Every structure is written in structure tokens, then in C-alpha cells.
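Protein chains in written order, with our numbering: chain A, 365 to 683; chain B, 365 to 683. Glycine included, every Cβ here is placed at the ideal spot set by N, Cα and C. None of the values given here were measured: they were computed from a predicted structure.
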């Protein structure tokens, strides 16, 4: 790894892709990555960009004179050893991200993703290919962006994880906080959309699909095998202002026997009750420590990019 | 490492030593440590125990027929490659723990400790020896027991830590919570002593020495170089019940330019305000994520043992 250059390809150059591109370059030197380069980018809108200049994100808005190439084809032809999959979420069949990741693995590349679709819906398939080819699929950014989440268990070897509770969706947590201060649901949702926390179609957040995807991801990580379709899911549409004011949160609960997302009124002594705004939180109940907590941002350009950087360093340190 | 047995020596067989002994044996198989053994124990009271039986802690109370040997001599004569230093805290000169650790390093052994004295007061000396001999000194258990604390930065490579705030002493946090419910200081302290949270002489906790030691340890870890004697320190003796009821906590603050322990009234929106009982918490402000939080137990038999197990796995994975 010392003299050979490690090449990275980015697939999907939206907010996360651009955030990763910039964070990578700003941290390259301090992380000693002189020998690692982002050599290719492929994006549905921007096209195929080879040897991108480091000030690319400043210039790219509206730029369309790069050739449009099918991402799967670009991945197959690439000499990069690491592919970062940053395209859009699709909870139906996880495409096109799944095909991108599968193609990368089958062509001997490690995969980093922040895309919840393939990890929530088709991780078993990806694991099978990954085992066969010996390449990694890392997905830290799918739960709590760059904030330590499931990977915190690396710091407590031997500890058995018994149960997890979490606030895993910042949009609904923000809406519930606004409602606890007197807003009605509609006004709070509009405020969330204005601030860029909620999408134009807020279904995935408000109905709990985003949280349910994270429940499936955590369940898979901890070997509990609940699928996204198995997750008992209730959104926040029926939560009243009064309930919000009394500490109702959209709570994810996961253990060997549970997998649910539902609004729940939390006690004042419950640390999760005090997680406000778009912040995310996990309570991890273990045998040696009892409950431990990790909290922090669960979304954002730089915040999600940090997750991909964490995964990148894990791959580089292992290989 | 595969065929040669890795031998561990425990120095100091009190609550932490016994906790580690038991946790090690209960997790040995799941961690794949068939080739790792605790082969020697040396303790001021119990004496020198070679090839201890795995049910030792059940039998040891009052047991005194093992030979009394000077621990430094036992370390020098030991063929263990890892020494766990679990003796008592001394904030004057960090002895005898410092001598134990120094002897271990000079004799080619890695050191794991949960003892704040040497790490808070004499880490620079230990680092110098450690560099010379190439052996590690790991001390996860000195801050927040086995709960992820400073080591959480391993999960966010590249992120720059700008500032830390923390509740690092469970005893005073418990006392302040009792006071917030109406107890006076004396009654709350007695309750803490009854529950085993406070020692007969509570000075180290109540006057903020324990927190100040942790400030020094964190400062050293993050390269900010504040010594324990530099830490601005105020205990909780002058906190009123009313202040406790309005969210006053014994707060540690550390950055390049700050190192303090003082009672501070926290805002209701501050997550640290809601950390109650003997729980500990760290807020770590970073450039890529903003503030992230880790919370959990900061003391206890099994909880502190987990920290030493975490350090042990780090040494085994590296060597």
C-alpha cells in the first residue's frame, strides 16, 4: 500500500458525495493519505469526471459537459480499489445503489456507502458476495451519519449487546420539539422543510420508514435478523402537541425479540427524552456496562462525509 | 501470538483486579483468547499467587497463605508480557503504581492500568520509557471506566477535537442529584457512602481532585499539556440545594486554553444537565461533527474491568 496509489471512485455526486470529496481533501494531509486519491466520479447529472481538480465542488453547479456514462459500466471499467456509493435512497428494491455495490464487489473493489436502501433491504446478498470476493462493505453513515453508533461496540470488546433504543430520525425529532413548544404538525413540518431537514415529500421521515430502515440495519449488524418489513412501524402523525410537550419521541427499539418504531412518552429521567432538535441518540444496553449512550448529529453534508471517511480509514488500516 | 501463550500478570487484587479476573474468564472463549492466560497475581494483602484457579475470587476473602512478595520484584521476575496495574490511587507521587508500571515497561512488558495517579501525574515519564522500550501503556479505565470516553476519537478519524466538557465524577453527581431533591450535603454524602459510591474520606471526590485528575489525563491524551496542578479546581461544598435543583453540575472543561473543574449551572437544553446519578458523560466538540456525546457508568467492578479488557484486546490485536 506504501508505493502503490490507492484509488477511490465516487458514485453519486450530490450533497454527500461533494461533502466527502471536500472533507477528504481537507483531511488528506493530517491523515497521512498522500498515497490515496479520488480518481473518478460518476453521477447521473454531472456525468463521468476523471482526475477531478480539488476545487471541483466550487465549480460544479450547473456544469454538464462531462460525458454521461452508465455508473455500473464505469465501475466495471475503473481501476479504483474503493467505490463510494452515494446515490439516492430507494426502499423498494434499493436500486440503482444495489447494482453499483454488487458490481463493485464483483470487480474486486471495497465498498463504502451511506445509502440506507441496500443495507436495510439487501445486506444478506451483499454479505454473500463480499464473503466470496473478500472485499468489504462498510456503511457507518447509514445510522447517525459520522456520529459513533453501532461501531461503538468496537470500543467495548467482549460486551454483549442486549437491547437498543434510539432516536434515529432528526426530522421527526425536530418536528416533535417544535410541537412541544406549541406548533401544530403542519407548521412544524413546513419549518423543517424550510431549514432543509425535511424533504418535499416527507413520507419516509414522518411515517417512520427512515427509522425502520435503521432498525433493520442495526438488527442485521447485531445478528438479530429482523428485516425492514418485519419492523412494527408507526409514524408521528397521530402525536398531539400535548403528548409532544410531555416527552413523546419517535423511539426505535431493537433486540433479539423486538423491532419497532413508535411514538412513546419517555420519563423525565430518561436521557433520550432530552435529545432535542435534529440530534440522534442510541442507548446500547450491554451486559458488562449496563446502558451506554452515544449522541450527535444524524445527518448533514460534513457529518455524513465524516462517516465515509471513518469507513475509508478502516479499509486502509486493514489492507 | 498463535502458538505462544500470552501471559498476563495482575498487580493489585482489590475490586478492580478481581473484577477483571472474573470478566476475563467469562469472556475468554467468546473473544477467542484460548491462548491468553492470567498466570500471576501479586497483591499487598493476598500475596503472590501463581497459576490462579479460575474460581479464585470466590475463595479469596481473608485468604492469606500466599507468600508476600514485593510487587516490583515480582514484576521483574515475571515472564508475563502484559502487566495490569490495579493498585490504589495516590495523587502525591503516584506510588507505588508508578514504580510498578515503570518496572514492567523496563522489563519489556505492556502495561494496562485503571489507576489515575500515574497517568494524571507522571504520564510524560511513562511515555518516555514506553517509547524507548516499544511497549504500550494503556489507561482507558482512568476516565469513565469501560464506557467509551477519549477512545471514541478512534471512531472519527480526521475529526479535530476542539473542546471537551464532562461530568467525570459519579459521586459528586449523585450527591448533587440528591440535593436537587431536597437533601442537604451531609445527608447526601452519607447516602453516597452507604451505597458504596463515596469513600470514608470523600475529599478526592468532593473537592474535585478526582475530576481534576481526569482533566489532566484527557488534556495529555489530546496533546493540550495541562498538568493536574494547573487545573482550576472548585469542589461542590459551596453548592446550595437550590443551585442543585436548578441544574448545577460539577463540570470539567478542557481545551487548549482551558482546564477547569467547577460547579456550573447548565441550561435545560444542555444534554449534560440531564445526566443524573453516578453516570458520567463527555461532550466532545469536533470540527466535522460539532458536539458528540458519550455517556455511561464511570465506576464499578465489572464496568472498570471492561476498560481493562478493552485495553487488553487493543494490545493483543496490535501485537
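Applying the criterion that 16 or more other CB atoms from any shown protein chain within 10 Å of the CB defines a buried residue, is residue i buried or exposed?
| i | result |
| --- | --- |
| residue 480 of chain A | buried |
| residue 564 of chain A | exposed |
| residue 667 of chain B | buried |
| residue 681 of chain B | exposed |
| residue 511 of chain A | buried |
| residue 610 of chain A | exposed |
| residue 530 of chain B | buried |
| residue 515 of chain A | buried |
| residue 566 of chain A | buried |
| residue 633 of chain B | exposed |
| residue 452 of chain A | exposed |
| residue 441 of chain B | exposed |
| residue 655 of chain A | buried |
| residue 482 of chain B | buried |
| residue 612 of chain A | buried |
| residue 664 of chain B | buried |
| residue 604 of chain B | exposed |
| residue 506 of chain A | buried |
| residue 602 of chain B | exposed |
| residue 437 of chain A | exposed |
| residue 498 of chain B | exposed |
| residue 407 of chain A | buried |
| residue 467 of chain B | buried |
Suppose contacts are defined by Cβ-Cβ distances below 8 Å. Is residue i in contact with residue j by that definition?
| i | j | result |
| --- | --- | --- |
| residue 446 of chain B | residue 411 of chain B | no |
| residue 494 of chain B | residue 519 of chain B | no |
| residue 424 of chain B | residue 464 of chain B | no |
| residue 595 of chain B | residue 625 of chain B | yes |
| residue 403 of chain B | residue 444 of chain B | yes |
| residue 651 of chain B | residue 524 of chain B | yes |
| residue 644 of chain B | residue 660 of chain B | yes |
| residue 502 of chain B | residue 678 of chain B | yes |
| residue 615 of chain A | residue 628 of chain A | yes |
| residue 675 of chain B | residue 504 of chain B | yes |
| residue 649 of chain A | residue 527 of chain A | yes |
| residue 416 of chain A | residue 435 of chain A | no |
| residue 662 of chain B | residue 508 of chain B | yes |
| residue 560 of chain A | residue 598 of chain A | no |
| residue 484 of chain A | residue 581 of chain A | yes |
| residue 393 of chain A | residue 371 of chain A | no |
| residue 540 of chain B | residue 623 of chain B | no |
| residue 405 of chain A | residue 418 of chain A | no |
| residue 500 of chain B | residue 533 of chain B | no |
| residue 657 of chain B | residue 535 of chain A | no |
| residue 673 of chain B | residue 521 of chain A | yes |
| residue 669 of chain A | residue 383 of chain A | yes |
Would you give the residue range spanned by the beta strand (DSSP E) that residue i belongs to?
| i | result |
| --- | --- |
| residue 407 of chain A | 400 to 407 |
| residue 474 of chain A | 474 to 477 |
| residue 412 of chain B | 411 to 414 |
Is there a Cβ of chain D sitting closer than 8 Å to that of residue i, yes or no?
| i | result |
| --- | --- |
| residue 616 of chain B | Absent from the structure: chain D. Protein chains present are A and B. |
Could you give the residue range of the alpha helix (DSSP H) that holds residue i?
| i | result |
| --- | --- |
| residue 481 of chain B | 480 to 497 |
| residue 665 of chain A | 665 to 682 |
| residue 591 of chain A | From DSSP, residue 591 of chain A is part of no alpha helix (DSSP H); its letter is neither H nor E. |
| residue 578 of chain B | 573 to 585 |
| residue 420 of chain B | 420 to 423 |
| residue 569 of chain A | 567 to 570 |
| residue 606 of chain B | 605 to 609 |
What are the residues that DSSP puts in a beta bridge with residue i?
| i | result |
| --- | --- |
| residue 375 of chain B | B:406 and B:449 |
| residue 598 of chain B | Answer is none; residue 598 of chain B lacks a bridge partner. |
| residue 561 of chain A | None; residue 561 of chain A has no bridge partner. |
| residue 660 of chain A | A:644 |
| residue 655 of chain B | B:649 |
| residue 370 of chain A | A:400 |
Please determine whether the Cβ atom of residue i lies at a distance below 7 Å from any heavy atom of the ligand ADP.
| i | result |
| --- | --- |
| residue 485 of chain A | As presented, the structure is devoid of all ligands, the ligand ADP included, so that no description of it is given. |
Every unbroken beta strand (DSSP E) inside the stretch 442 to 471 of chain B [3 residues or more]: 446 to 449
Complete runs of the beta strand (DSSP E) confined to the stretch 611 to 653 of chain B [at least 3 residues]: 612 to 619, 623 to 629 and 643 to 650
Start-end ranges of the beta strand (DSSP E) lying completely within the stretch 499 to 550 of chain B, minimum 3 residues: Within the stretch 499 to 550 of chain B, the complete beta strand (DSSP E) runs of at least 3 residues are 525 to 531.
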